[in-house]
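Each residue of the sequence shown is one higher than the one before, counting from 1 in UniProt numbering. Every residue, glycine too, gets a C-beta built ideally from N, C-alpha and C. Right, one structure below, let's go through it.
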Amino acid sequence: NRLVNMQHILVQQIEKRAEVLVVVKERILTTNSCSVMFTRKQQCTFQGVLRLLGLLGTSIKICAKDVNSFEADSDVSLEIPSGTVIAYSILEL
1 NRLVNMQHIL
11 VQQIEKRAEV
21 LVVVKERILT
31 TNSCSVMFTR
41 KQQCTFQGVL
51 RLLGLLGTSI
61 KICAKDVNSF
71 EADSDVSLEI
81 PSGTVIAYSI
91 LEL
């Protein structure tokens, strides 16, 4: 059995901020690099297309349907390197 020193400065700081202290019990790591890809097609206004361009920072294909509406395709890919923690379980103290 191990005990936590509740008078330790770190514990005192956490209590003041109403934060939670946890211990990581186990984790799941990637053993190989892998790719995650996401494609989305949506209807949006011109302002929505511009906002989407700014947020994604990726290539987007746009075709006009009428003056006020556009259809946009967005492709987002993410490369996850090996040794990356993708999930974990914790024990709250």
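Item to check | Which residues DSSP lists as bridging residue 79, in chain order | outcome: Beta-bridge pairing links residue 79 to 35.
Checklist entry - Which residues in the same chain have their Cβ closer than 8 Å to the Cβ of residue 86, if we skip the five residues on either side of it in sequence? => result Taking C-beta separations shorter than 8 Å and ignoring five residues to either side along the sequence, the partners of residue 86 in its chain run 28, 29, 30, 80, following chain order.
Item to check | Simplified DSSP state of residue 92, which is helix, strand or coil | outcome: Correct three-state label for residue 92: strand.
Next on the checklist: Tell me which residues share the same chain as residue 24 and place their Cβ nearer than 7 Å to its Cβ, disregarding the 5 neighbours each side in the sequence.
Outcome noted: Around residue 24: 88, 90.
Next on the checklist: Just verifying my parser: in three-state terms, what is the DSSP assignment at residue 143?
Outcome noted: The chain is shown only over 1 to 93; residue 143 falls outside these bounds and no answer can be derived.
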